[in-house]
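Trainee: Counting in numbering that gives the first Met the number 0, the sequence shown runs from 0 upward without gaps.
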Amino acid sequence: MAPYTSSLAEALAPDLLERFDRYVRIDTQSERDRTRSPSTPGQLELAAVLARELSEIGLTDAAVDDNGYVTATLPASGDGDAATVIGLVAHMDTSPDAPGAGVVPQVHRDYDGAVIELPRNGTTLDPETEPHLASRAGHDIVTASGDTLLGADDKAGVAEIMAAVAHLHAHPELPRPTIRICFTPDEEIGEGATLFDVEAFGARCAYTIDGSSLGELQDETFSALEATITVTGVDVHPGLATGILVNAARVAGRIVAALPQDRLTPETTSGREGFIHVFELTGDAGTARIRAILRDFDDDLLAGHAELLRSTAQAVVDATPGAAMTIEIVEQYPNMRAHLEPFPEVLEHAVAALRAEGLEPLREPIRGGTDGSRLSAVGLPTPNIFTGGHAYHSPREWASLQDMAAAAAVIVHLAAAWARQ
Numbered sequence: 000m001a002p003y004t005s006s007l008a009e010a011l012a013p014d015l016l017e018r019f020d021r022y023v024r025i026d027t028q029s030e031r032d033r034t035r036s037p038s039t040p041g042q043l044e045l046a047a048v049l050a051r052e053l054s055e056i057g058l059t060d061a062a063v064d065d066n067g068y069v070t071a072t073l074p075a076s077g078d079g080d081a082a083t084v085i086g087l088v089a090h091m092d093t094s095p096d097a098p099g100a101g102v103v104p105q106v107h108r109d110y111d112g113a114v115i116e117l118p119r120n121g122t123t124l125d126p127e128t129e130p131h132l133a134s135r136a137g138h139d140i141v142t143a144s145g146d147t148l149l150g151a152d153d154k155a156g157v158a159e160i161m162a163a164v165a166h167l168h169a170h171p172e173l174p175r176p177t178i179r180i181c182f183t184p185d186e187e188i189g190e191g192a193t194l195f196d197v198e199a200f201g202a203r204c205a206y207t208i209d210g211s212s213l214g215e216l217q218d219e220t221f222s223a224l225e226a227t228i229t230v231t232g233v234d235v236h237p238g239l240a241t242g243i244l245v246n247a248a249r250v251a252g253r254i255v256a257a258l259p260q261d262r263l264t265p266e267t268t269s270g271r272e273g274f275i276h277v278f279e280l281t282g283d284a285g286t287a288r289i290r291a292i293l294r295d296f297d298d299d300l301l302a303g304h305a306e307l308l309r310s311t312a313q314a315v316v317d318a319t320p321g322a323a324m325t326i327e328i329v330e331q332y333p334n335m336r337a338h339l340e341p342f343p344e345v346l347e348h349a350v351a352a353l354r355a356e357g358l359e360p361l362r363e364p365i366r367g368g369t370d371g372s373r374l375s376a377v378g379l380p381t382p383n384i385f386t387g388g389h390a391y392h393s394p395r396e397w398a399s400l401q402d403m404a405a406a407a408a409v410i411v412h413l414a415a416a417w418a419r420q
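1) Under 8 Å Cβ to Cβ from T268, same chain only, skipping five residues before and after it: list those, please.
2) Would you decide whether D139 is buried or exposed? Buried here means 16 or more other CB atoms lie within 10 Å of its CB.
3) Using the Cβ count rule (16 or more neighbours within 10 Å means buried), how would you classify D218?
4) Could you check where the beta strand (DSSP E) with E279 kicks off and where it finishes?
5) Should H236 go down as buried or exposed, given a rule of 16 or more other Cβ atoms within 10 Å for buried?
6) Provide the residue span of the beta strand (DSSP E) that contains T229, from first to last.
7) Count Cβ pairs between the segment 105-113 and the segment 154-163 that sit closer than 8 Å; are there 3 or more?
8) Just curious, the beta strand (DSSP E) that F19 is in, first and last residue?
9) Could you work out which residue in F342, A136, D297, R288 is closest to I254 when comparing CA atoms only?
10) What are the start and end residues of the alpha helix (DSSP H) that includes F200?
11) Under the rule that 16 or more other beta-carbon atoms within 10 Å means buried, what is M0, buried or exposed?
12) Tell me whether Q420 sits in a helix, a strand or coil according to DSSP, three-state version.
13) By DSSP, does D298 sit in helix, in strand, or in coil?
14) Please identify the residue among P259, D298, A352, F296 whose C-alpha is closest to the C-alpha of A312.
15) Do D297 and P333 come within 9 Å of each other at the CB atom, strictly closer than that value?
16) Below 9 Å between beta carbons: does that hold for L149 and W397?
17) Is T268 helix, strand or coil when you go by DSSP?
18) Is the segment 205-225 in contact with the segment 380-389, if contact means three or more CB pairs nearer than 8 Å?
19) Hey, which unbroken runs of the alpha helix (DSSP H) at 4 residues or more fall wholly within the segment 153-221?
20) Give me the DSSP bridge partner(s) of H427.
21) So, using beta-carbon positions, are L73 and I178 closer together than 9 Å?
22) For R294 versus F221, is the C-beta distance shorter than 9 Å?
So this is what it looks like as structure tokens:
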């Protein structure tokens, strides 16, 4: 079996796994186009569980607010500075991109490095196509059963915070500042920070525990837009349609087909390259709707993607007499980097915490976003730390228990780093 990164990580692992197993079984999938917060009742179910468990740990102010946010405070230890307040943040919801109900976690002890065959739907995890899995031989690998996502994004982060907070509370001799905890709803649909009360949270900075690979420390995300194109045509009985019918569904299909196919798509880009991703196409002959997300690390390039989408759609509609369109483009979240640069100590303490666990920080930009993107923009500097999960938003999602335990240990070291500042 692969060794843990430290004796602390090994000590945290049993409690962490027990919590993680309990949390992923609760269906907290968020719902696009929400009309309330949280968007789904399962998130409130998990919120109540977490608030109760925080109270059982000994945090006397654990509560769930009217919008489904769970908050609590771990007071500073005797050797810590009570006036220094840092935050720990993770999100409770899971992605709507794959089935999320009925999660049955599987623990593959002492993974042998071969293909993992999950019990349902013929789903397999192949180390040839999952490069991070190939390097985790000997680890305890946690998966779902093959027909749902696992929920490591971000219940791994939730469980790691809970396990670390429980350990810190049980060991008052360990130095720590005042620590504020917040578990947010609806992050996966871009709403996790929307109703986050930064002023009431009262922290000088925070850390989302919402990354992936062992050692990740991220201070840069995509900037993000969402576009909705509504196409209207002229509907009529198909038997009488000659020269009259303008099929909105066909026009929408031509718009999607006219977008770049060999570039600017998620499947053709990597690194710092942005994209336009059509994730939903619905409609009928009268009205059709295209929904897309636009991403880039550079705001000028992102604006260019938006203009390309707009001009492509308009050109198709203009070439179709009788068709019309509207387009709405809204900001989802900004790149956090510029908002973190004035606060170098926030990253410095995270680097110290990673190195205290024997890890060299892995500094790569996130090809996605976190609650920290918007929180940083509104005045709460919030970089991102790894969780140990991989292949998010799919039935092939998995996590290494050893790496998850390392993340929980890093949280303990992070508390010590801030207490010693």
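Don't be surprised by glycine CBs; every beta carbon is placed ideally from N, CA and C.
Since the structure is predicted, the reported quantities are computational estimates derived from the model, not experimental observations.
Mentor: Per the coordinate set shown:
1) R262, F274
2) Counting Cβ neighbours within 10 Å, D139 comes out buried, since at least 16 surround it.
3) buried
4) 274-282
5) exposed
6) The continuous beta strand (DSSP E) containing T229 extends over residues 222-231.
7) no
8) Note, F19: premise wrong, no beta strand (DSSP E); alpha helix (DSSP H) at 6-23.
9) R288
10) Secondary structure note for F200: its alpha helix (DSSP H) is the uninterrupted segment 197-200.
11) exposed
12) coil
13) helix
14) P259
15) no
16) yes
17) coil
18) yes
19) Fully contained in the segment 153-221 are the following alpha helix (DSSP H) runs of length 4 or more, in chain order: 197-200.
20) This structure leaves residue 427 out entirely; the chain is present only between 0 and 420.
21) yes
22) yes
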